[in-house]
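**Student:** Take this structure first; my questions come after.
Chains as they are written, first to last, in my numbering: chain A, 22 to 137; chain B, 5 to 120.
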């Protein structure tokens, strides 16, 4: 789906280095999310944003920070990468919550990060 | 906190047959939404079907249907006339009705194999 893109798609880095993953959406969606996917855990929410400069923590936020300076961009930063952060990272977006339940998350294609 | 449980890590079905994937969840909310997502080898997350808890009628989408048992907190996915393209990881997900954006809580997934 061209509406939401992630970069880089693959990255290998070393322990202790900073890493930034970028999510860009063209849907003008208000909400954006970062999830990580690990075997046996499904997808777990790292951080989310409900508007420009408005972010909050998810269930696995330790070691991660985010920023959203524009509606279309949501950055995930690992200040000092660790091997436990080796994972596949998914960005998602959705629009304003409505009772109809029509606010389905649109996912990016994922970014595979390997920390050696 | 809400939890979503998928007790079948792997399932297998013969092409053209029917298979049911199980999902249970735990919540104290009365209004919420439930989803099934498909993740093929491409890693893309694809919405299969969604169910609003306030609707008693089970959702259907072509060959996909759900059995939503609100009292039992059960939300199973039935795939009829299984096709080779249905082979994927399937995730069950939960979302509160309001006050949380569209944050999803995912199960750990069920990997479905389709035998030709």
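The C-beta atom is built at its ideal place from N, Cα and C for all residues, glycine as well.
Just so we're clear, the structure is a prediction, and the values are computed from it rather than from any experiment.
Thinking just about the alpha-carbon of each residue, which of A:67, A:62, A:80 is nearest to the one in residue 96 of chain A?
**Tutor:** Here residue 96 of chain A is taken as the residue at index 75 of the first chain, counted from 1. Here the closest residue by C-alpha is A:67.
**Student:** Could you list which residues in chain B have their beta carbon closer than 7 Å to that of residue 110 of chain A, in chain order?
**Tutor:** Along the first chain, read from residue 1 onward, the residue named residue 110 of chain A stands at position 89. Near residue 110 of chain A there are no residues of chain B at all, since even the closest Cβ is about 11 Å away, more than 7 Å.
**Student:** Could you check whether the Cβ of residue 110 of chain B sits closer than 7 Å to any Cβ belonging to chain A?
**Tutor:** Start at 1 with the first residue of the second chain, and residue 110 of chain B comes out as number 106. Yes - at least one Cβ of chain A is within 7 Å of the one on residue 110 of chain B.
**Student:** Taking just the CA atoms, how far does residue 89 of chain B sit from residue 132 of chain A?
**Tutor:** Here residue 132 of chain A refers to the residue found at position 111 of the first chain. Here residue 89 of chain B refers to the residue found at position 85 of the second chain. If I take the Cα positions, the gap works out to 23 Å.
**Student:** Measure the Cβ-Cβ separation of residue 91 of chain B and residue 42 of chain B and say whether it is below 7 Å.
**Tutor:** As a first step, residue 91 of chain B is located in the second chain; it is residue number 87 there, counting from the start. As a first step, residue 42 of chain B is located in the second chain; it is residue number 38 there, counting from the start. Contact: no.
**Student:** Taking the alpha-carbon of residue 119 of chain B as reference, which of B:9, B:17, B:62 has the nearest alpha-carbon?
**Tutor:** As a first step, residue 119 of chain B is located in the second chain; it is residue number 115 there, counting from the start. Answer by Cα proximity: B:17.
**Student:** Tell me which residues of the segment 43–76 of chain B have at least one Cβ-Cβ distance to chain A shorter than 7 Å, keeping chain order.
**Tutor:** Listed by position, the residues of the segment 43–76 of chain B near chain A (Cβ gap below 7 Å) are 47, 48, 49, 51, 54, 56.
**Student:** Residues in the same chain with beta-carbon distance under 6 Å from residue 55 of chain B, minus the five sequence neighbours each way, listed in chain order, please.
**Tutor:** Numbered from 1 along the second chain, position 51 holds the residue referred to as residue 55 of chain B. Once the five neighbours on either side are set aside, the close Cβ partners of residue 55 of chain B are 38, 63, 70, 72.
**Student:** For residue 86 of chain B, which three-state DSSP category applies?
**Tutor:** As a first step, residue 86 of chain B is located in the second chain; it is residue number 82 there, counting from the start. In the structure shown, residue 86 of chain B sits in coil (DSSP, three-state: anything other than H, G, I, E or B).
**Student:** One question on the structure: do residue 70 of chain A and residue 89 of chain A come within less than 7 Å of each other, judged by their Cβ atoms?
**Tutor:** As a first step, residue 70 of chain A is located in the first chain; it is residue number 49 there, counting from the start. As a first step, residue 89 of chain A is located in the first chain; it is residue number 68 there, counting from the start. A contact, by the Cβ cut-off of 7 Å.
**Student:** Taking only beta-carbon positions, decide if residue 125 of chain A is within less than 7 Å of chain B.
**Tutor:** Reading the first chain from its first residue, position 104 is the one you call residue 125 of chain A. So yes, residue 125 of chain A belongs to the interface.
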